[in-house]
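Let me begin by presenting the structure, written as structure tokens, before commenting on it.
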Amino acid sequence: MSLNVVREQIGRFLESAEPEVMAIKGAWGVGKTYTWHTLLLDARRNDKIALDTYSYISLFGVQSLDSLKYAIFEQAVNKNIIGQAPSIESFKSNAAKLVSSLSKKSLIYFNAAPVIKNFAPAIQSASFLSVNKSVVCIDDFERKSDSVSLRDILGLVLQLKEQRSCKVVLIFNDQTMGSENNEEYQKFREKVIDFEIEFNPTSRECVEIAIPNPAESKQVLVEHIEKLGISNIRIIKKIERLFDQFMTHLAGFEKEVTHQAAHTLCLYALCFYSTKPEVPKYDYVKNIGYRLLGFDEQEDQTDQERSWNAFLREYGYQHADEFDLQIAAAVEKGYIERVALAQEAGKLNSQIVAAKSESSFSSAWDLYHNSFENNTEEVLNALRASFEVNAKVISPLNLNGTVRLFRELGEDGQADDLIEIYVSAHEGNPQIFDLNAYGFAGEITDEAIRERFSTIAESNKAPKSVRDVLADISSRNGWNEEDEKVLADATAEEFLDVFKSEQGGNLSRYVNASLRFGKFSNSSEQQQKIAENATQALRIIARESLINKMRVRKYGVQLDNVLDDEGNIA
């Protein structure tokens, strides 16, 4: 059913005072509830709701029919304040109606119930008596508790319609109702339901629902959502929310940076949240490497992976770069790491500015991507010429891709030349060679690049201090051989200097990290030495005063004869 037809049917339903039951069914996330609420608010603004009160109830967590009846009463609001949460004032109004509606007959509920035990259930049952001529929306129909039967709920719906002159809308995912509940629904459908809306909007209609009247800056986002065929309102709203945050931090950069953010964000969000088999798995997309560039043999690919690759090529996705990694982090965490994003966006921006020159590196790559001509020499010459000009703004990941292409085409000598050109271009930027700090280190597959980078990184590495190592291992709860050697070579005086100069929460972490090496059942001689020197430093501190003796004792350090009974230093 098209969105226009849905609007017409819901509008007609709300404008009429005739008691009836409407069912809105559709898959998870397509925007059934969102659309109902949106159209309900529109009808309120235009004074197109015939009945005076409205109740919205989710069946999720409702444990009994009496609880459902009371919820309908409790959640009722005047149609003029639809969109606002039920309040004390609306509850008082409902209670006043309840009191005025209680007759002698209804007092049977109270007289027949023990005063304490059944007073609340009696109130719940009696409160339902005041529900009359209301619009009642019962959502999450498929999530009802097992303690409430579908038959009883449908019976209550029929009662609301026939005895309370209400208009009832049921919202549910018919694909997850379960066979037993679905059979029960089909059995009573003809008797209870007046008409059904099959809510199955297109991607364009979902965008129209989720992002009505998009600003010019969001047009690129809308285009990517529609191209991917995203028809899940929740995913679209998550994309929009993150994109708004990205726009705040990407102001002032080239428009291509924003466009890449939108392009990658839409794809990653879809893959991260979708469970559809035709949508590539998120980890597969993020770690695609060079599979879409044709560098590697792909006989071992499954049919599903071939289908995913076709999906990604159709969307225009080739591989992830460092900027994309920041998009991925935002999708996974739900927020943006501002400093890291700014750093990678700045690098990408420099590459884009360089790409707009006549010697554009990306234009040189277009000769490879956009042709089936037998032009190997032309492609390699263009890439090398552009590489020499733009090496300073080329990432290690793109260096690897270029070197791989040259090697695949039998040009190992030129490939090695490119590595040296890159090294020379980055003489003033030694940190770029540290693959341990590089997010795509696993994608640097050329051994010559890895070896050359490793040699440079080692030669530029500043020696770590005791404090540096303790800060690292206490934060990540682990260490490497280099960390252990730094601590083993440290004297008790060096540990003393760290412990005495550190204040705050780091102090206890540093002390515990130092002493931990002596607590292993199979501690090496080097590890025992670390613990001994740290312990010696703590004993020196303990001799300074009684209060420091007490502080050191907290760490389980033996302090025999450090201070006498009067607190005098021994």
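All letters in the sequence shown, in the order written, are residues 1 to 570 by UniProt numbering.
Where a beta carbon is used, it is the ideal one built from N, C-alpha and C, also for glycine.
Small disclaimer: the values here were computed from a predicted structure and weren't measured.
Listed as beta-bridge partners of K25 by DSSP are F172 and E198. Runs of the alpha helix (DSSP H) lying entirely within the segment 218 to 267, each at least 4 residues long, are 219 to 228 and 233 to 249 in chain order. Annotation: N533 to G518 spans about 10 Å, alpha carbon to alpha carbon. In this structure, I419 sits away from E388, with a CB-CB distance that is not shorter than 7 Å. Inclusion of A382 and A364 in the CB contact set at 7 Å is warranted, their separation being smaller than that value.
With a threshold of 16 other beta carbon atoms within 10 Å, M550 falls short and is exposed. Between the alpha carbons of I239 and L348 lies a gap of roughly 21 Å. The beta carbon of L367 is closer than 6 Å to those of V379 and A382 in its chain, skipping five residues each way along the sequence. In this structure, the straight-line span from the alpha carbon of G61 to that of A71 is close to 11 Å. If you ignore the 5 residues before and after R164, its C-beta comes within less than 6 Å of the C-beta of V131 and N132, all in its own chain and listed in chain order. Only residues of its own chain outside the window of five on either side were considered, and among them none has a CB closer than 7 Å to the CB of E493.
Residue state for N390 is assigned as helix, using DSSP reduced to three classes. In this structure C137 touches Y56 by the C-beta definition: roughly 5 Å separates them, less than 8 Å.
As for any beta strand (DSSP E) of minimum length 3 sitting wholly inside the segment 489 to 522, there is none.
Excluding sequence positions up to five before and after G316, its CB lies within less than 8 Å of the CB of H263, all in the same chain and listed in chain order. Residues of the same chain with a CB within less than 8 Å of the CB of R407, apart from the 5 flanking positions on each side, are A415 and D446 in chain order. Between the segment 204 to 218 and the segment 165 to 173 there are fewer than three C-beta pairs closer than 8 Å, too few to call the two in contact. Note that the C-beta distance between I171 and G31 is not below 7 Å.
Using a 10 angstroms sphere on the CB of D324, the tally of other CB atoms reaches 16 or more, which defines it as buried. C-alpha of S523 to C-alpha of L435: approximately 31 Å in a straight line.
By a beta-carbon distance limit of 8 Å, L470 contacts Y510. Their separation comes to about 4 Å. Between L292 and C266, the C-beta spacing is not below 7 Å. Looking at the backbone, the Cα of S475 and that of A513 are separated by about 10 Å.
For the pair A76 and F128, the Cα-to-Cα distance works out to about 11 Å.
Within the DSSP secondary-structure output, T53 pairs in a beta bridge with N78 and S134. Straight-line measurement puts the Cα of S64 at about 17 Å from the Cα of N181.
For F361, the enclosing alpha helix (DSSP H) stretches over residues F361 to H369.
By the CB criterion at 7 Å, E216 and M177 fall outside the cutoff. The residue from F243, L341, N232 and Q527 with its alpha-carbon nearest to that of A488 is Q527.
The Cβ atoms of A269 and I233 lie no closer than 7 Å to each other. For F406, the enclosing alpha helix (DSSP H) begins and ends at P396 to E408. Taking 7 Å as the cut-off, the beta carbon of E198 is found no closer than this to the beta carbon of M22. Around the beta carbon of D146, a 10 Å sphere encloses fewer than 16 other beta carbons of the protein chains shown; the residue is thus reported as exposed. Between the alpha carbons of L221 and N287 lies a distance of about 23 Å. Taking the Cα positions, F195 is about 42 Å away from Q245.
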